[in-house]
Amino acid sequence: MKKILFILLITVSSLISCDKSLLDQDNPNTLTEEQFWITESDAQRGVNAIYHMFYQPGTWSRWIYFRLDLTSDEGFSKSPWIELADWTRFQYVNYNFLEGNVITYKDTYKAIFRCNQVLTHVPTIEFADENKKAQLLAEAKFLRGFYYYYAALLWENFPIVTSLQSPTDMPEASTLSDVWALVESDLSEAAQALPLQWSGNDIGRPTKGAALALLGKTYMQQHKWNEAKSALDYFITGEGTTYYDLVAYQDNFRAENENNKESVFEIQFSDAHKTAEGDIPSSTMSTNRAQFFAPRSIGWSDGQARYWLVTEFKKEKTVDGEIDPRLRYSLFYPGLEADFGDKVYGRSWQWDADEAWFRKYARDYKQNHDDYFNEVNNRVIRFADILLLYAEVLNELDQTANAYPYVDRVRTRVNLAPLAAAYPSIGNDKDRFRERLKMERALELCGESVRWADLKRWGDLETQAGIDRVAQRDPDFNNFVLDKHIRLPLPEVEVANNPNLTSNNPHY
Amino acid sequence: MSKMITQRCETNIRRKKLTNKTKGRMLTLAFVFILCTCVFAVHAQITGSVRDKDGPLKGVAVTLKGSNIATQSDAAGHFRMATDQVNGSVLVFSHIGYVTQEVLISGLQPVEVILEAAHTDLDEVVVVGYGTQRKQDLTGAVSVVKASDVQKRQATTVAESLQGLATGIRVRGGGQPGSEAQIQVRGMKNLSGTPPLYVVDGLITTANRDFNPSDIESIQILKDASAAAIYGSRAANGVIIITTKQGKKGPAQIDVSAKSTLQTTPRYDLARTEEFARLNYMAYDNANVPRQDLDMTVDTDWQDAAFRTGKVQDYSLSFSGGGDDGQYFISGGYFDNKGAVISTGFDRFNFRVNTVTKKGIFTIGENLAISSAKTDEMSGNPYIDVLRLLPTIPVYNPENPGGYGYGDERRARTFGSNPVAIADLEDRTNANLRIRGNLFSELQFLPFLKYRFNLGYETSRDHHTFLRKAGSWTLNQPLDPSRYHENRAESSTILVENTLSFEKDINQHRLNILAGQSYQRDRYAQMWGTKRNMLENPAGGYYTVLDQGNEPQTGGFARRTDLISYFGRFEYNYADKYLVNGIIRTDGVSRFGKDYKFGTFPSLSGAWRISQEDFFQASWIDDLKLRANYGTLGSSNIGPYDYIPIINTFPTIAMGPGQVTLPGATQIQLANQDLRWETLTQQNYGFDAMFLKNRLNVSAEYFISKTKDVLIQYPLLISTGNDGGNPYTNGATLGNRGVELSVTYQENTKPFQYSVTANITTLRNRVIDLGYGQNRTFSGNTVTEKGQPLGMWFVLETDGIFQSMEEINNYQNADGRVIQPNAQPGDIRFKDHNGDGTITNADKVIVGDAWADYEVGLNMNASYKQFSFSMDWFGSVGAMVFNGPKSVTDMFSDNTNYRAGIQPWTPENPNTDVPRAYYASTMNSRGDTDRWLEDGSFVRLKYIGISYRLPSSLLDKIYFSEAQVTLSGQNLLTFTKYSGLDPEFNNNSVFQKGHDFGVFPNLKTVSLGVQFRF
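Protein chains in written order, with the working numbering: chain A, 1 to 508; chain B, 1 to 1014.
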């Protein structure tokens, strides 16, 4: 009996002394944060991950187009999803509405988090080539500036975060001018280190030109015309001159001839992964814009173009008496087949006589449907935009006469007469020039997500009279309340949970 | 006196030495010494023996009436009592489970007493984790559910059939084939919706859908800290212990049962084409939108298309028996459910072998179950789709890709999904093969010392398939090619346990000590693959193997959790009067960081059987036991690596002229590295009493619990940039308190036997603290605030309907501002709670919660001769619930079908609570108002059944020992004001328990079953 007890004791005690190291289980699935941000390759992957934010629905794969294109007087929504449509016509009821507000706000901060990780960790990584390191940091700076630029356009008083956040961190409230100042410094610094051109598989990353173009836009939104001019001089008189030119108009909106000479900054979409969005294995790298904007019975048809664009296109013929060819590539409209012989995704017009849809980036030129896996790059900034902006800057700087050639360059590409010939009454009248330039921009750039910034920059929404004029083109602006709807409300949850934000944006 | 005690003890010791020469037994002397207590002066002795009809009874309390003198019978039933007076004394023989007997003594002849068994269940043995206790010895809150009550119901899972059978539990399930009901023990004690811990034959597992309920021998629900503490860190949400059937000594017994069931789903009462068109035109006309060109020639009843009569077949067969040295139980089962929604189903094969063998001091046994289950899963939600599709849409339309009818821009503008199409075009299956079992051996070294080694193993091989056929089910759907996805996963649990138990009775003292150690390892790994453009099979369908198709995607992941535990239990019982129970368990888990892995969870409980006291004279009370306990439990329902910040390596980007794919990596989700155990402290006070000759049994509990360091995924500020889910933090503190009362009356002595059990449970929960110093968190239409129950409804309050422009213009705030200037007669009036003269989100208020004030169960059983009858009612009172389906049918802002007979406001028909129908504006149809909140109280006949047992005269002829036919029904009657399909619905969200989003309802069922034994 004694023996048995002894054996038992030994057995039990040996079993009881379970090895505590069993409790130290590492995650077998991926790197820990501690194991990362050590090598050059880590830095490169960290920067790449920022670009992946372009493929997430709050940003450039879907919903931002509802903010920039549909909210502007170029577009609107007839979506049966009432709340979705309400958020394109200044009927903001629930400030936490995901698709209308929160998702874009959130994805913007997600992108900023990725930028801040690079900007925090990469400086301590040792590189064989310091220039490479500077370029990576400059890419992160550019992208952070890029996201803050759109945050400034949409929410204006967007709380600035430039450091890594812990779960309990709460940023201070920021004003629009704080945000612009950050965008200016990020883009200026990025411009110093970014290359003039990339080569090989790096083509598509921001160049010095991309940084200066966005910097120019940033200055222009603040009416800092002199600073804007010196930023944009890069394209006109500076070292960027040789890199940029205009190409066949339609080549700006198709999957072929991407990253061409007209492209200043372009978001790279691909249909290589036909899967879900988000940060999952093989997640999609495509844009869904065309699926959401395609006409009824083809796509979701949650957004469409205002018909005044068609009318404006038809007001001026080319020097050969043809319809402005840009209409063909810009819009689906009732006369498309009659005017140019093009069908709408292979179908003849079957919609209302006063309706139009955006055609840019749609794939109807090669297939009869669209889907969630559209691979057409978005030319966020193209050279024609720069030319028109440069003209605008010169005009604002009272150099109206000097501004003409840049507008003409854009017009003559599509066989329109020089501006002075077509509209002789403008002359050197700054205001008339500006008014015409507004329409030139609409015809060249409609549906390219620049209109909302344009309306704000032009001050068209800063007086009731201005709003009323816009409302003639887009009756949604009858809902627009002066000084309120010029910016979006911050998400209500964010105001509620951050005691540093004492109030939402004015009048919300 | 003290000298005498010492002497007496020494005598005891010496005698023991003489009788048992084993030195090993010396170990027990310490206990013996401790337990020596008072003795009295001796002049004479009464001797005798106690037995029942089966043999000698051990442990019967024998007391001399009117004195403190008492003793107990030994294993042979003998007792010996010293007293100074014999003649005329009255001895009282009491033993739990027996009718107390008084015997008048005359002379010194040995007294022979035969005790009669009382009709109570007190002598039942209750499994309490790593051992058993007599039910009468329980000091904690343990509900014992009769296996037969569970098995009589037709259910897929055990949890589902527990509804109304025990206090302190909240059960919600639904009729979806293969779905698993949710069960909550004593309220929400954390925010992760953690189910209780299931312990099946000692194996920590789940009694999910592949577990065969007919294998169950007993179910006990450990509800309070003292009962559950032996499972320490995983017991905070309660423990459900299931023991499966074992063979019994005797000749082989064969049991066969077969049950066939029909299921029908409750249905909405919806408009048909004519009524629909009238209402649809009204909504368009009111909104000044040109009417759509409805196809009046079509009148589809979408419910007919999507629903059908479900069928269940449930067969089981078992063999059991054994001799003195070993017993066996072998069972097999087949369960097949053809769902009440088209293209859904579930089937299960079960096989089980439980055996145990004994030789000398050595016992070895095993329990092994193999099950194979397969679910044909539902696609989309037909309970919403049938509402969103219009009766003017045909089920089939050859013009659409795939050939199914759905919305049309001109004729039927809805984005509802065709349930027939989605059922056909999406094919989801989920199958698994599970092997679950344990092997144990016991060494009974000494009569009072036992060592047990338990090796548990469970593995499940899971296989999920998803086929997306080409074709559309909704308007404007992007054209997707066929796609096939398949994943295979493997989970395994290994459990190694060593326990040592000591059990000894010395006179009136009974001592049980348990010490043990356990190690558990859980692993899971999955791999998946997807292809597109699958090869079509000319014979129909597709070739669904991953060799076919193109554009492959693959993936996979693994996880592992280790748990090391030490535990001990101490039970002491003095004369069945005083019971003390102490438990301690220390758990270490790999889920937490270095400094937080270990947690210790102690509990202490006591009970006083006051009815055993001599001063207790209430003869109408047969038994009364008071209980109290206090203890700590843990919980940590988080992922295995949540405390480690990780890098997500999935973001890839396209770059360059060839759009090559380049890798990215970054941190996406923030992590709190100091995560630790949630700890629940609970106090429980209760009593168990028997009255009226043990016919009336009353048990009551009152408990107060508080969970600290609740792991909560409190929403971070968006500005942190966090994504992939909010990281866990030990933020919140939750409190629960409740009363549970169960009353049973039974009459077993007459030919008409019956029993009635009524139980009632009340529960109050309260958020004591939330994470990150925050006061409130929102989820859907609910707010969770400090000091309030979880998930209070937080909505705009409606205040009737405007009847005239005058009313609208007069509806002003204090400053004279017209509050709803854009309203028209027939629109909803909202309350401007903040008085700012407009209706905004700032006007939302708390209007109630989704928690029942009380839930009741009423179970009745009766039998007379060959017939028996059984009926279970369940009721829940006081919950406020959100009727999601009604917010669809009554909205008018988007095209859906409407409720039949709905009366929207019109100038001609102003006396209605439905605002005017108005297309394309959410003004009257907002989802965040109290318009959709309803009283969710209900009383339901959960089960009713009648059985006929064939008389034995007949059985003998056919060599059966038992045969029974049962006709039963479930959910046949429901009394409720709730206008949705089922007030007993289940929502898995922690904060939105009361939101019926079109949940698969409980079904009405009728079953016919037969049972044979031979």
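Just so it is clear, CB atoms sit at the ideal spot from N, CA and C, and this is done for glycine as well.
From the DSSP secondary-structure annotation, give me the bridge partner or partners of valine 783 (chain B). B:Phe778 and B:Met792
Note the first and the last residue of the continuous alpha helix (DSSP H) segment covering glutamate 184 (chain A). 176-193
Under three-state DSSP, which class holds glutamine 367 (chain A)? coil
Here's the rule I'm using: 16 or more other beta-carbon atoms within 10 Å means buried, otherwise exposed. How should isoleucine 426 (chain A) be labelled? buried
Which residues in chain A sit within 8 Å of tyrosine 672 (chain B), going by Cβ to Cβ distance? Rather than tyrosine, the amino acid found at residue 672 (chain B) in this sequence is asparagine. Neighbours of asparagine 672 (chain B) on chain A, chain order: Pro167.
Where DSSP assigns a beta bridge to glutamine 327 (chain B), which residues make up the other side? B:Gly322 and B:Val356
May I ask you to report which of helix, strand or coil DSSP gives tryptophan 608 (chain B)? strand
Go ahead and label proline 475 (chain A) buried or exposed: buried means 16 or more other beta carbons lie within 10 angstroms of its beta carbon, across all protein chains shown. exposed
Would threonine 30 (chain A) pass as an interface residue toward chain B - the criterion being a Cβ-Cβ separation below 7 Å? yes
On the three-state DSSP scale, how would you describe valine 414 (chain A)? coil
Would you grab the beta carbon distance between alanine 340 (chain B) and phenylalanine 362 (chain B) for me? Rounded to a whole angstrom, and I think it's under 8 Å. In fact, because the Cβ distance is near 52 Å, the residues do not count as touching under 8 Å.
Compare the beta carbon distance of glycine 58 (chain A) and isoleucine 103 (chain A) with 7 Å and say whether it is the shorter of the two. yes
Give the C-beta separation of glycine 129 (chain B) and isoleucine 230 (chain B) to the nearest angstrom, bearing in mind that I take them to be a contact with Cβ-Cβ under 8 Å. 4 Å
Residue from A:Asn27, A:Asp364, A:Tyr372 and A:Asn157 whose Cα sits closest to the Cα of arginine 560 (chain B): A:Asn27
Residues of its chain near alanine 147 (chain B), where Cβ-Cβ distance is below 8 Å and the 5 sequence neighbours each way are ignored: Ile216, Glu217, Ser218 and Ile219
For the segment 592-616 of chain B, which residues have a beta carbon sitting closer than 8 Å to at least one beta carbon of chain A? Lys594 and Lys597
Beta-carbon of phenylalanine 480 (chain A) versus every beta-carbon of chain B: anything under 7 Å? no
Which stretch, first to last residue, makes up the beta strand (DSSP E) that contains methionine 220 (chain A)? Segment 208-221 is the alpha helix (DSSP H) holding methionine 220 (chain A); no beta strand (DSSP E) there.
Which of the three DSSP states is assigned to isoleucine 5 (chain B) in this structure? Confidence at isoleucine 5 (chain B) is low in this model, with a pLDDT of 39, below 50, so the placement of that residue should be treated as unreliable; the coordinate-derived value is given next. Three-state result, isoleucine 5 (chain B): helix.
If you follow the alpha helix (DSSP H) that histidine 121 (chain A) is in, where does it begin and where does it stop? 103-121
Indicate whether at least one CB of chain B lies closer than 7 Å to the CB of proline 159 (chain A). yes
Along chain B, in chain order, which residues have C-beta atoms closer than 9 Å to that of tyrosine 51 (chain A)? Pro651, Ile653, Ala654, Met655, Leu662 and Gly664
Beta-carbon proximity check, threonine 1019 (chain B) vs phenylalanine 997 (chain B), cutoff 7 Å: Any property of residue 1019 (chain B) remains undetermined from this structure, which presents chain B solely from 1 to 1014.
Using the rule of at least 16 other Cβ atoms within 10 Å of the residue's Cβ for burial, across every protein chain shown, is leucine 967 (chain B) buried or exposed? exposed
For a cutoff of 7 Å on Cβ pairs, would you count asparagine 476 (chain B) as touching chain A? yes
Short CB-CB distance (under 7 Å) between alanine 138 (chain A) and chain B: no
Mind listing the chain E neighbours of phenylalanine 557 (chain B)? Cutoff is C-beta to C-beta under 7 Å, in chain order. Absence of chain E from the displayed structure is noted, the protein chains being A and B.
For the beta strand (DSSP E) containing serine 372 (chain B), list its first residue and its last residue. 362-377
Report the rounded CA-to-CA distance for threonine 243 (chain B) versus serine 143 (chain B), giving the unit in angstroms. 14 Å
In the DSSP assignment, find the beta strand (DSSP E) that holds arginine 359 (chain A) and state where it starts and stops. It is not in any beta strand (DSSP E) - arginine 359 (chain A) carries neither H nor E in the DSSP assignment.
Anything in chain A within Cβ reach of proline 715 (chain B), meaning under 8 Å, just list it in chain order. Val493 and Asn497
Taking any Cβ of chain B, which residues in the segment 359-370 of chain A have a Cβ under 8 Å from it, in chain order? His369 and Asp370
Under a CB-based cut-off of 7 Å, is threonine 275 (chain A) close to chain B? yes
Does any residue of chain A have a CB that is nearer than 7 Å to the CB of leucine 29 (chain B)? At leucine 29 (chain B), the pLDDT of 36 sits below 50, so the modelled position is not reliable; the number obtained from the coordinates is stated separately. Chain A contact via Cβ: absent.
So which of B:Pro213, B:Val312, B:Gly310 and B:Glu275 has the shortest CA-CA distance to leucine 294 (chain B)? B:Glu275
Would you mind reading off the limits of the alpha helix (DSSP H) that contains isoleucine 160 (chain A)? Here isoleucine 160 (chain A) belongs to no alpha helix (DSSP H), and DSSP marks it neither H nor E.
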